[in-house]
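Novice: This is the structure I want to talk about, given as structure tokens.
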């Protein structure tokens, strides 16, 4: 079995082996080889799932780290409530249907 086998290919081969076992078309001499191949394919699928899970967890950890860095960086920057508001002419943007900025 090579690392070039995709998860989908492994699953399809497992399904083919299962169908053959269910229909009793497998010769007894071939049975051991098919069971061994099935075990190898299952190991491959489990490894690919573990790798995918690890990669996804890493992506989420990176996103959380970025969020924390942005939050920490945002603590040094002035908040909108504490920043000086730009001056506007009286009545401009108030109850006129215009945005207040």
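Numbering (UniProt numbering), first residue to last: 1 to 101. Just so you know, even glycine gets a beta-carbon here, dropped at the ideal spot from N, CA and C. Since this is a predicted model, take the numbers as computed values, not measurements.
1. Taking 8 Å as the threshold (C-beta atoms), are residue 44 and residue 5 in contact?
2. Using a 10 Å radius around the Cβ and a threshold of 16 neighbouring Cβ atoms, would you call residue 33 buried or exposed?
3. Could you spell out where the alpha helix (DSSP H) holding residue 5 opens and where it closes?
4. By Cβ distance below 7 Å, which residues in the same chain neighbour residue 48 in space, the five residues on each side in sequence not counted?
5. What is the DSSP secondary structure of residue 16, counted as helix, strand or coil?
Specialist: Taking the definition as stated:
1. Locating residue 5 in the chain shown gives position 5, counting from the first residue. Locating residue 44 in the chain shown gives position 44, counting from the first residue. In this structure, residue 44 lies closer than 8 Å to residue 5 by Cβ.
2. Position 33 of the chain shown, counted from the first residue, corresponds to residue 33. The residue is exposed, with fewer than 16 neighbouring Cβ atoms inside 10 Å.
3. Here the question's residue 5 lines up with position 5 in the chain shown. Per DSSP, residue 5 belongs to no alpha helix (DSSP H) and is neither H nor E.
4. Indexing the chain shown from 1 puts residue 48 at position 48. Shown here for residue 48: same chain residues with a beta carbon closer than 7 Å to its own, the five before and five after excluded, namely 7 in chain order.
5. Here the question's residue 16 lines up with position 16 in the chain shown. Three-state DSSP puts residue 16 in a helix.
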